[in-house]
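First to last, the sequence lines map onto chains A and B. Heads up: the first sequence is residues 17 to 90, going by the working numbering. Heads up: the second sequence is residues 568 to 951, going by the working numbering. This report concerns only the one structure given below.
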Amino acid sequence: MDKVTIKIPRQLYEKIQLLVEDSGFSSPTEFITYVLRDLVGEQLKEKQAEKGAGDLTNDEIAAIKQRLRNLGYL
Amino acid sequence: MIRPHGGRLIDRHAKGEMREAMLAKANELPKIQVNERELADIEMIGCGAMSPLEGFMNRDDYLGVLNNMHLASGPVWTLPITLSVKPGDDRQYKTGDQIALVDQGAILAVMDVEDVYKVDHLTEAQKVYLTDDPAHPSVAFLQSLTDTYLGGPITVLNKVQHPDFNEFRLEPKETRVLFKAKGWNSIVAFQTRNPIHRAHEYLQKCALEQVDALLIHPLMGATKKGDIPGDVRMACYKALIDGYYAKERVAISIFPAAMRYAGPREAIFHALVRKNYGCTHFIVGRDHAGVGTYYGTYDAQYIFDNFTREEIDITPMMFEHSFFCNACGNMASIKTCPHGKEERVFLSGTKVREMLAAGQRPPVEFTRPEVADILMKFYQSEEA
Chain A
17 MDKVTIKIPR QLYEKIQLLV EDSGFSSPTE FITYVLRDLV GEQLKEKQAE
67 KGAGDLTNDE IAAIKQRLRN LGYL
Chain B
568 MIRPHGGRLI DRHAKGEMRE AMLAKANELP KIQVNERELA DIEMIGCGAM
618 SPLEGFMNRD DYLGVLNNMH LASGPVWTLP ITLSVKPGDD RQYKTGDQIA
668 LVDQGAILAV MDVEDVYKVD HLTEAQKVYL TDDPAHPSVA FLQSLTDTYL
718 GGPITVLNKV QHPDFNEFRL EPKETRVLFK AKGWNSIVAF QTRNPIHRAH
768 EYLQKCALEQ VDALLIHPLM GATKKGDIPG DVRMACYKAL IDGYYAKERV
818 AISIFPAAMR YAGPREAIFH ALVRKNYGCT HFIVGRDHAG VGTYYGTYDA
868 QYIFDNFTRE EIDITPMMFE HSFFCNACGN MASIKTCPHG KEERVFLSGT
918 KVREMLAAGQ RPPVEFTRPE VADILMKFYQ SEEA
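Below, the structure written as structure tokens:
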């Protein structure tokens with residue numbers, strides 16, 4: 017797999033080294049990849065959910081808002 | 568905003584030219600007259616309230632729900648959503664058929680049959696309703712069905728028409744837009760098929776203290792004989808909201824589902840479906856969706872322990888039995904009140920009905936006077 021190098025503060029790296037000991041992760045790199053993958057997945061999920069009402073177009077949302085206004089909800 | 572169950576809000580409504588073409592073809596298809604429960608299910612599936620379902624369950628989903636409370640594709644699902652061949656219909660349905668689902672002659676939807684399978688109603692009753700007692704309304708309902716089910720996706724061509732409350736009927740995509748427009752990020756849903764007395768008002772307001780808004784979501788699909796009619800309940804809800812709720816923090820909308828009286832399993836179903844409407848929290852009180860003595864008082868809360876938080880995603884808010892305590896001088900629950908039963912204002916359903924029928928208001932600590940007056944009028948009418 018193609019990889020890139022990312023720089024992080026040494027102090028943080030050393031803390032991660034401590035965490036990794038006896039954790040089941042073979043290296044700080046493996047640990048960081050795991051954590052980032054999890055975080056990125058969550059962020060993407062949230063971004064997708066931001067759409068809220070699914071795949072509605074702007075016109076559809078405007079029509080729904082108009083109905084909600086007519087009914088007194090808005 | 569919270570993701571729909573299964574990740575995507577389903578929309579099974581045909582539109583435009585496609586709808587016209589399907590309608591023309593549907594007239595020539597074999598027709599199945601749906602029952603009241605299937606009618607509500609078509610409405611719910613069509614608008615995405617039952618996401619991720621796209622139609623009536625095939626055998627794999629049906630068995631997955633009965634045996635493991637999960638769909639074959641993985642998501643949690645606790646109630647079978649099924650279509651039965653009707654008594655006297657001797658057509659030999661097979662995979663690949665198309666059928667029209669109709670109500671009183673009007674075409675509602677077309678179904679692509681993916682599965683034709685036999686079921687054992689006794690097993691279904693025992694697994695879902697935890698009883699095979701025919702006195703249970705849904706066991707009796709199952710006994711009225713044939714043992715052949717049809718599974719497959721549906722396409723809704725004509726929405727189910729309702730004679731009443733259309734101004735309160737919002738689909739999931741509409742409640743989602745509403746919540747977003749209001750700036751509500753956390754919304755607690757309250758399921759009800761009864762008038763709201765002080766105890767339930769207390770649960771709602773306790774929940775509302777922790778979230779942005781409350782959605783009162785009364786079930787208006789088929790209910791059992793003896794339940795209070797929808798128009799009476801709606802009048803009660805409106806009176807209560809007008810007099811006692813912060814209007815900028817509450818919305819009321821109809822929940823079109825049919826009642827199953829499946830207790831714990833229905834509590835999970837009610838929660839998952841409210842997630843599709845955009846709610847982030849769901850109130851689970853005592854004996855949720857119960858009937859008679861078929862379920863333990865808090866079984867509908869314990870069942871949530873069978874699933875991970877990620878699987879359910881919507882947050883259940885569990886509440887103990889609540890009441891007005893004369894010694895405390897306020898509403899409380901067995902969790903917060905140290906006093907004995909003699910201090911607690913509790914009336915059985917039978918007692919309340921007797922009082923109302925006799926034109927006697929229950930104490931204000933039990934029900935709001937405005938609600939009591941509406942119910943008194945109902946119980947003194949011929950309709951009751």
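Virtual Cβ for every residue (Gly too), placed ideally from N, Cα, C.
{"Check": "Reduced DSSP category for Ser43 (chain A) - H, G, I as helix; E, B as strand; rest coil", "Outcome": "coil"}
{"Check": "Inter-residue CB distance, Ile648 (chain B) and Asp608 (chain B) (contact presumed, cutoff 8 angstroms)", "Outcome": "5 angstroms"}
{"Check": "First through last residue of the alpha helix (DSSP H) which encompasses Asn897 (chain B)", "Outcome": "Where Asn897 (chain B) is concerned, there is no enclosing alpha helix (DSSP H), although the beta strand (DSSP E) it sits in stretches over 897–900."}
{"Check": "Completely contained beta strand (DSSP E) runs for the stretch 644–712 of chain B, where each covers 3 or more residues", "Outcome": "665–670, 673–679, 682–685"}
{"Check": "Phe623 (chain B) and Gly718 (chain B) closer than 9 angstroms at C-beta", "Outcome": "yes"}
{"Check": "Bounding residues of the beta strand (DSSP E) (the contiguous stretch that carries Thr722 (chain B))", "Outcome": "715–723"}
{"Check": "Outcome for Pro619 (chain B) when other beta-carbon atoms lying within 10 angstroms are tallied against a minimum of 16", "Outcome": "buried"}
{"Check": "Leu60 (chain A) at chain B interface by Cβ criterion, 9 angstroms", "Outcome": "no"}
{"Check": "N-terminal and C-terminal residue of the alpha helix (DSSP H) that Ile795 (chain B) is part of", "Outcome": "Careful: Ile795 (chain B) lies outside any alpha helix (DSSP H) and carries neither H nor E."}
{"Check": "Gln59 (chain A), DSSP secondary structure in three states", "Outcome": "helix"}
{"Check": "Span of the alpha helix (DSSP H), counted from its first residue to its last, around Cys614 (chain B)", "Outcome": "603–614"}
{"Check": "Contact belief for Glu937 (chain B) with Val912 (chain B) at Cβ below 8 angstroms, rounded distance in angstroms", "Outcome": "Actually they are not in contact, since the Cβ atoms of Glu937 (chain B) and Val912 (chain B) sit about 18 angstroms apart, beyond 8 angstroms."}
{"Check": "Phe732 (chain B) beta carbon less than 9 angstroms from that of Gly797 (chain B)", "Outcome": "yes"}
{"Check": "Beta-bridge partners of His729 (chain B), as assigned by DSSP", "Outcome": "DSSP output for His729 (chain B) lists no bridge partner at all."}
{"Check": "Between the CA atoms of Thr864 (chain B) and Ile870 (chain B) - distance to the nearest angstrom", "Outcome": "12 angstroms"}
{"Check": "Residues in the stretch 736–750 of chain B having any Cβ partner in chain A nearer than 7 angstroms", "Outcome": "Lys740, Glu741, Arg743, Val744, Leu745, Lys747, Ala748"}
{"Check": "Contact check, Thr759 (chain B) vs Ile783 (chain B), beta carbons under 9 angstroms", "Outcome": "yes"}
{"Check": "Closer than 9 angstroms to chain B by CB, Arg83 (chain A)", "Outcome": "yes"}
{"Check": "Exposure of Glu605 (chain B), with buried meaning 16 or more beta-carbon neighbours within 10 Å", "Outcome": "buried"}
{"Check": "Bridge partners - Thr759 (chain B), DSSP secondary structure assignment", "Outcome": "B:Pro785"}
{"Check": "Check whether Leu781 (chain B) and Gln771 (chain B) have beta carbons under 9 angstroms apart", "Outcome": "yes"}
{"Check": "Contact list for Tyr89 (chain A) against chain B, beta-carbon separation under 7 angstroms", "Outcome": "Leu745, Ala818"}
{"Check": "Sequence-distant residues of the same chain with beta carbon closer than 8 angstroms to Ile569 (chain B), five excluded per side", "Outcome": "Lys842, Gly845, Cys846, Thr847, Asp880, Ile881"}
{"Check": "Where Lys740 (chain B) falls: helix, strand or coil (DSSP)", "Outcome": "helix"}
{"Check": "Close beta carbons around Ser900 (chain B), own chain, < 7 angstroms, minus the five adjacent residues each side", "Outcome": "Phe886, Glu887, His888, Ser889"}
{"Check": "Any C-beta of chain B under 9 angstroms from that of Asp71 (chain A)", "Outcome": "yes"}
{"Check": "Sufficient close CB pairs (3 or more, under 8 angstroms) joining the stretch 580–600 of chain B to the stretch 639–653 of chain B", "Outcome": "yes"}
{"Check": "Nonlocal neighbours in the same chain, by C-beta distance under 7 angstroms from Phe735 (chain B), ignoring five residues either side", "Outcome": "Ile819, Ser820, Ile821"}
{"Check": "Paired residues, beta bridge with Thr882 (chain B) - DSSP", "Outcome": "B:His848"}
{"Check": "Amino acids of chain B, ordered along the chain, whose beta-carbon sits closer than 7 angstroms to that of Ile80 (chain A)", "Outcome": "Lys740, Glu741, Val744"}
{"Check": "Alpha helix (DSSP H) runs wholly inside the stretch 798–868 of chain B, at least 4 long, in chain order", "Outcome": "831–843"}
{"Check": "Leu576 (chain B) at chain A interface by Cβ criterion, 9 angstroms", "Outcome": "yes"}
{"Check": "Beta-carbon spacing of Leu84 (chain A), Ala748 (chain B) below 9 angstroms", "Outcome": "yes"}
{"Check": "Minimum C-alpha distance to Pro831 (chain B) - residue among B:Leu724, B:Asp578, B:Met943, B:Lys694", "Outcome": "B:Lys694"}
{"Check": "Candidates B:Asn625, B:Glu741, B:Val727, of which the one nearest Ala673 (chain B) by Cα", "Outcome": "B:Val727"}
{"Check": "CA-to-CA distance, Ala924 (chain B) to Asn752 (chain B), given in whole angstroms", "Outcome": "43 angstroms"}
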